[in-house]
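Here the structure is laid out as structure tokens; the discussion comes afterwards.
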Amino acid sequence: MKSAARRVSLEVVGWTLVVAGVAALVLPGPGLLMLFAGMAVLSQQYEWAEKRLAPVKYRALRGAADSVSTWPRILASSAAALVVAGLGVLWIVGPAAPSWWTFDDDWWLFGGAATGTTQVVSAAIALGLIVYSYRRFHDKPEALAELEAERQDAEATS
């Protein structure tokens with residue numbers, strides 16, 4: 018019974034992360050990293066996910082490394098995350114529609130507090146990943162070399 022509950026839990030978490038990661042590829046959020054996390058969870062259950070994990074891992078971590086390679090990128094990423102968080106707070110507070118709003122008031126800040134909460138959570142995750150990426154990759158060429166070596170090993174075995 019415990020094995021079945023574990024399997025269902027892993028599948029729910031894995032598929033949720035995969036779907037959220039795909040959505041975050043086009044919406045604000047760390048899409049590749051969430052996709053990688055979902056694939057990592059699913060790789061415990063499925064051989065097809067295990068086979069496809071290495072390229073997703075490389076692209077996600079390479080993107081994380083690139084995002085903290087220079088100070089302008091770090092500042093831009095951090096500023097973007099803070100803007101998303103600020104907009105989320107605006108959605109949560111939910112002020113009345115301004116006089117210049119030409120559509121029906123129901124369309125002002127559509128989604129309300131639920132949308133705002135997801136924006137704040139997404140921004141918090143993004144800021145956490147910026148910190149993680151900075152600590153792991155910024156000014157650490159050995160970490161990039163290790164990542165590249167892992168990619169070459171994965172390509173050689175597949």
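Take 18 as the starting number for the sequence shown in the numbering used here and just add one per residue.
A virtual CB, placed ideally from N, CA and C, is assigned to each residue, including glycine.
In the displayed model, D122 falls within a helix according to three-state DSSP.
Contact between L126 and W108 is confirmed by a C-beta separation of about 5 Å, below the 8 Å threshold.
Here T132 has W108 as same chain residues with Cβ atoms under 7 Å from its own Cβ, once five neighbours each way along the sequence are excluded. Between the alpha carbons of R76 and V137 lies a distance of about 25 Å. Just so you know, the alpha carbons of F53 and A102 end up roughly 24 Å apart. Within the model, the alpha-carbon separation for E167 versus A96 is close to 32 Å.
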